[in-house]
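Q: Next up is a structure, given as structure tokens.
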Amino acid sequence: MARQSVATAIEHQPTPKEGVLWGATQSSLAQAERESDNVRRLLQADGMTRWRPDLSKLPPQRPADASMEVLLEHVAVGGTAWLAFGNAGVTEMLMNWAHHVIALGYGWHMVVAAFDEVLLRALHERRIPAYNYTGALPTTHFRHAPHLFHRMGYLKAECIRLVLLTGRHVLVSDSDVAWVGDPLPVLTSLMAEGASLGASTDCLDVDSDRDKTPRSHSPQSCGYSPDNVGGAVFNTGVLWFKSDEDSISFAKAWATATLGLRDPYSDDQGAFNRLIQTGFYPVKRVSASGRVVGPVPGFGPHGLRVAPLPAEHFCSGHLVWVQQEGKTGKCLSVHATFTEYGDAGKRWRFLEAGLWAVLPREYYEEGKFLTFVPPAAGADPMPCKPGEDEYIPGQMTRPCGGEDPKHGLPPKPVGMEIMWQEGLKRSVRLRANVELMSRQVHALRDALAIARVLNRTLIIPHFECLCDRSEYPDIMPTCVYQGASPRLKMPFRCSTHFVTDTHKLQLMATEPTRFGMQPHKFHGLFTEPLKMRTHSFLHDPRTSTEIKNSIVEVHLLERLAPWKDARVLQLADAEGLFGGWSSDPNQAMLFMTMMEYYVYRGAWCCTSRFINNDADNGRVYLKPPPPLRQPG
Numbered sequence: 001m002a003r004q005s006v007a008t009a010i011e012h013q014p015t016p017k018e019g020v021l022w023g024a025t026q027s028s029l030a031q032a033e034r035e036s037d038n039v040r041r042l043l044q045a046d047g048m049t050r051w052r053p054d055l056s057k058l059p060p061q062r063p064a065d066a067s068m069e070v071l072l073e074h075v076a077v078g079g080t081a082w083l084a085f086g087n088a089g090v091t092e093m094l095m096n097w098a099h100h101v102i103a104l105g106y107g108w109h110m111v112v113a114a115f116d117e118v119l120l121r122a123l124h125e126r127r128i129p130a131y132n133y134t135g136a137l138p139t140t141h142f143r144h145a146p147h148l149f150h151r152m153g154y155l156k157a158e159c160i161r162l163v164l165l166t167g168r169h170v171l172v173s174d175s176d177v178a179w180v181g182d183p184l185p186v187l188t189s190l191m192a193e194g195a196s197l198g199a200s201t202d203c204l205d206v207d208s209d210r211d212k213t214p215r216s217h218s219p220q221s222c223g224y225s226p227d228n229v230g231g232a233v234f235n236t237g238v239l240w241f242k243s244d245e246d247s248i249s250f251a252k253a254w255a256t257a258t259l260g261l262r263d264p265y266s267d268d269q270g271a272f273n274r275l276i277q278t279g280f281y282p283v284k285r286v287s288a289s290g291r292v293v294g295p296v297p298g299f300g301p302h303g304l305r306v307a308p309l310p311a312e313h314f315c316s317g318h319l320v321w322v323q324q325e326g327k328t329g330k331c332l333s334v335h336a337t338f339t340e341y342g343d344a345g346k347r348w349r350f351l352e353a354g355l356w357a358v359l360p361r362e363y364y365e366e367g368k369f370l371t372f373v374p375p376a377a378g379a380d381p382m383p384c385k386p387g388e389d390e391y392i393p394g395q396m397t398r399p400c401g402g403e404d405p406k407h408g409l410p411p412k413p414v415g416m417e418i419m420w421q422e423g424l425k426r427s428v429r430l431r432a433n434v435e436l437m438s439r440q441v442h443a444l445r446d447a448l449a450i451a452r453v454l455n456r457t458l459i460i461p462h463f464e465c466l467c468d469r470s471e472y473p474d475i476m477p478t479c480v481y482q483g484a485s486p487r488l489k490m491p492f493r494c495s496t497h498f499v500t501d502t503h504k505l506q507l508m509a510t511e512p513t514r515f516g517m518q519p520h521k522f523h524g525l526f527t528e529p530l531k532m533r534t535h536s537f538l539h540d541p542r543t544s545t546e547i548k549n550s551i552v553e554v555h556l557l558e559r560l561a562p563w564k565d566a567r568v569l570q571l572a573d574a575e576g577l578f579g580g581w582s583s584d585p586n587q588a589m590l591f592m593t594m595m596e597y598y599v600y601r602g603a604w605c606c607t608s609r610f611i612n613n614d615a616d617n618g619r620v621y622l623k624p625p626p627p628l629r630q631p632g
């Protein structure tokens, strides 16, 4: 069956137009391979490649060409198979996915569909059940190759259909999903209410998602409550299918629609949503609770009965890293959506939440560390008025707060792009946040310098923010992501990527001589990495007690000497603490070059995407910190 699916994917896909195979951001397979290799080196940092699962929690090894029936022999008919898929470009993400599934006790119920032999071998070496789905896709990342991404979407949907035909239900998720709780009780209850398909969503307002009061409109991406007339956005990163005629019919239609895509800006998720929304509106209840809606006609004898998976349990990246400040809360799954800087940014966020689970013991037990108390945000400079952000069941809560009442500008229409200068004029929160970011980068730069001088690993603190980030202009002037609850706490503790580019930050922490600081550029001088940990390191249960219990707060650099043996030094205030070098011009030059290349590149985004065809017109770039003293 796998060979037949692969052949169909290759032979029946429309030929892409000339010049669009690799999209607008990549010019060739060679460039894609270089970028993929560079990202993978980051994901493999800190000993990740040494991870091996507990074999007692996995089924016996199966042949490399084992059928799906053989791979699922330990999943009873009527049980649920856990499915993931990918190529070698996402190997590390898939290992993290597998770690979490195994930790929940479902190692005997999972299968990873491998699109190439490199990944197939890596899975086989770790005895992770793998479906040989090779032959249609390259080993490199291909997100910017629409033709190949459409092919992948077909293979994904077709693989789901093949599992459903065995009589098992399917829980399928992307490689950038971490499972932190058992979802089967929730899925079983939805099936009892009549669901044949469960789909995660991009809804960012948990109160609206939970509220099944009949109404015509819901917040952006949450339009699946009874009587809604539009606005649902389902995310195919986490899906559940009941093994019945209706879901099998839908999976087949989804596979066919995805393989036939010609629009380079569409993908399998777009095809999924278009199929679902044919006959979906106005939304009708299937169950009395309103948790199951439909049926969507045209799929099987009964139509597709859809359960939008609860947003507070099947969590988006925005819910976890913005609204819940990096905590998993009630989440059963965490999908690293609404994340910047690609897979490197996802790795950093998983580290921040304690969900990058594939690092060796020494990562948490060895070394000496430095951290600092970051600049404080202060109070929200323009909160919502009393009652404005209150959620009332069945009603829409309007965006509020953040706007400067004295800006003197006409009201900003929904969807209107504006220049960054106007954004600063309209939003008090944005002005305060940009000033705060500048102070945070100053403190980060000085703490990195002190860590370098003391040869310590820097634990980056949990920064505060007064403005969310979005590529869409409706974040102005409230500084709240469009569709998210206006009840977002201001200030909120935010991911490091709100302050600086976490992709570049990790380049500096791993292999600077490979990424920008090659010795030939600096008269043969070698640049050591500036090692780092995320803020959660001191709270992670895997971090040794000795490290956690040996934090010494230091107010002045001169006082550090007596505490040279302490495992963790905490600076009460790093901003302006390091003045520069009085000697060692080479060290000074290399450090300042790293700051320019890796740390000072952050910007707040965005009041617009492409005004005058220039993305920078919507970005607010930071003023760099005062220069450090140079020797000589």
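Residues in the sequence shown are numbered consecutively from 1, following UniProt numbering.
Where is the CB? At the ideal position from N, CA and C, for every residue including glycine.
1) Taking all protein chains shown into account, do 16 or more other C-beta atoms lie within 10 angstroms of the C-beta of Val296, making it buried, or fewer, making it exposed?
2) Can the beta-carbon of Tyr481 be found closer than 9 Å to that of Arg469?
3) What distance in whole Å lies between the Cβ atoms of Pro585 and Arg445, which are believed to be in contact at a cut-off of 8 Å?
4) Could you pull out every residue in the same chain whose Cβ sits closer than 6 Å to the Cβ of Trp240, ignoring the five residues on either side in sequence?
5) Taking Gly483 as the reference, give the member of Pro491, Tyr472, Met490 with the closest Cα.
6) Whole angstroms is fine: what's the gap from Asp380's alpha carbon to Cys467's?
7) Taking the alpha-carbon of Pro146 as reference, which of Leu259, His124, Gly303, Met416 has the nearest alpha-carbon?
8) Does DSSP put Thr8 in a helix, in a strand, or in coil?
9) Would you mind stating whether Ser175 and Phe85 have Cβ atoms separated by less than 9 Å?
10) Candidates Ser67, Glu73, Ala130, Glu69: which alpha carbon is nearest Ala98's?
11) Pull up the DSSP beta-bridge partners for Gln570, would you.
12) In the DSSP assignment, find the beta strand (DSSP E) that holds Trp356 and state where it starts and stops.
13) Is the beta carbon of Arg285 less than 9 Å from the beta carbon of Ala257?
14) Out of Ser249, Ala253, Asp227, Ala344, which one is the CA nearest neighbour of Gly294?
15) Take Pro282 and list the residues in its own chain whose beta-carbon comes closer than 6 Å to its own, dropping the five residues that flank it on each side.
16) If contacts are defined as beta-carbon pairs under 8 Å, then Asp116 and Thr80 qualify, I think. What distance do you get, rounded to the angstrom?
17) Could you pull out every residue in the same chain whose Cβ sits closer than 7 Å to the Cβ of Leu359, ignoring the five residues on either side in sequence?
18) Which residues in the same chain as Phe369 place their Cβ atom closer than 6 Å to its Cβ, once the five residues preceding and following it in sequence are excluded?
19) Under the three-state reduction of DSSP, which class applies to Trp348: helix, strand or coil?
20) In the DSSP assignment, the alpha helix (DSSP H) including Ser56 goes from what residue to what residue?
21) To the nearest angstrom, how far is it from the Cα of Ser540 to the Cα of Gly354?
22) How is Leu197 classed by DSSP in three states: helix, strand or coil?
23) Spell out the partners DSSP gives Gly580 in its beta bridges.
24) Rounded C-beta distance between Ala572 and Val306? I'm assuming under 8 Å.
25) Check whether the segment 317-333 and the segment 208-223 are in contact - that is, three or more C-beta pairs closer than 8 Å.
26) I'd like to know whether the C-beta atoms of Glu403 and Thr328 end up nearer to each other than 9 Å.
27) State the Cα-Cα distance for the pair Trp179 and Gly579, rounded to the nearest angstrom.
28) Which class does Gly237 belong to by DSSP, given the choice of helix, strand or coil?
29) Decide if the segment 580-599 is in contact with the segment 387-397; the criterion is three or more beta carbon pairs, one per stretch, under 8 Å apart.
30) With burial defined as no fewer than 16 other Cβ atoms inside 10 Å of the residue's Cβ, what is the status of Met68: buried or exposed?
31) What are the boundary residues of the beta strand (DSSP E) that includes Thr256?
32) Rounded to whole angstroms, what's the CA-CA distance from residue 634 to Glu125? Just pull it up for me.
33) How big is the Cα-Cα spacing for Tyr341 and Pro301?
34) With distances taken from CA atoms, which of Gly516, Val90, Asp209, Met1 is nearest Glu33?
35) For the candidate residues Ala509, Ser289, Leu71, whose alpha-carbon lies nearest to that of Leu43?
36) Do the CB positions of Asn617 and Met419 come within less than 9 Å of each other?
A: On the basis of the supplied data:
1) So Val296 counts as buried.
2) Taking the C-beta atoms as reference points, Arg469 is found nearer than 9 Å to Tyr481.
3) About 18 Å separates the two Cβ atoms, so there is no contact after all.
4) Listed in chain order, the non-local C-beta contacts of Trp240 below 6 Å within the same chain comprise Leu171, Leu187, Gly198, local neighbours out to five positions each way being set aside.
5) Looking at the Cα atoms, Tyr472 is the closest of the given residues.
6) Between Asp380 and Cys467, the C-alpha separation is close to 10 Å.
7) For Pro146, the nearest C-alpha among the options comes from Leu259.
8) Note: Thr8 maps to helix in three-state DSSP.
9) Taking a C-beta distance under 9 Å as the contact criterion, Ser175 and Phe85 qualify as a contact pair.
10) Of Ser67, Glu73, Ala130, Glu69, the residue nearest in Cα terms is Ala130.
11) DSSP lists Thr371, Glu553 as partners of Gln570.
12) Trp356: not part of any beta strand (DSSP E); DSSP gives it neither H nor E.
13) In this structure, Arg285 keeps its C-beta atom at 9 Å or more from the C-beta atom of Ala257.
14) Nearest to Gly294 by alpha-carbon distance, out of Ser249, Ala253, Asp227, Ala344, is Asp227.
15) The beta carbon of Pro282 is closer than 6 Å to those of Asp227, Val229 in its chain, skipping five residues each way along the sequence.
16) Actually they are not in contact, since the Cβ atoms of Asp116 and Thr80 sit about 27 Å apart, beyond 8 Å.
17) So the list reads Asp46, Gly47, Met48, once near-sequence residues are dropped.
18) Leaving aside the five residues that flank Phe369 on each side, the residues in its chain whose CB is nearer than 6 Å to its CB run, in chain order, Arg456, Thr457, Ile459, Val568.
19) Residue state, collapsed to three classes: helix.
20) Per DSSP, Ser56 belongs to no alpha helix (DSSP H) and is neither H nor E.
21) In the sequence under discussion, the amino acid at residue 540 is Asp, which differs from the Ser named in the question. The alpha-carbon of Asp540 is positioned some 6 Å away from that of Gly354.
22) Correct three-state label for Leu197: strand.
23) According to DSSP, Gly580 bridges with Arg629.
24) That pair is no contact at about 53 Å.
25) No, the segment 317-333 is not in contact with the segment 208-223.
26) Contact annotation: Glu403 and Thr328 have beta-carbon atoms that are not nearer than 9 Å.
27) Rounded to the nearest angstrom, the two C-alpha atoms are 45 Å apart.
28) Reduced to three states, the DSSP call for Gly237 is strand.
29) By the C-beta criterion, the segment 580-599 is judged not to be in contact with the segment 387-397, since fewer than 3 inter-stretch pairs fall below 8 Å.
30) Counting Cβ neighbours within 10 Å, Met68 comes out buried, since at least 16 surround it.
31) Not the beta strand (DSSP E): Thr256 falls in the alpha helix (DSSP H), residues 245-259.
32) The structure shown does not extend to residue 634, since the chain is modelled only from 1 to 632, so the question has no answer here.
33) Distance from the CA atom of Tyr341 to the CA atom of Pro301, rounded to whole angstroms, is 44 Å.
34) Ranking the options by Cα distance to Glu33, first place goes to Val90.
35) Comparing Cα-Cα distances from Leu43 to each of Ala509, Ser289, Leu71, the minimum goes to Ala509.
36) Asn617 places its beta carbon less than 9 Å from that of Met419.
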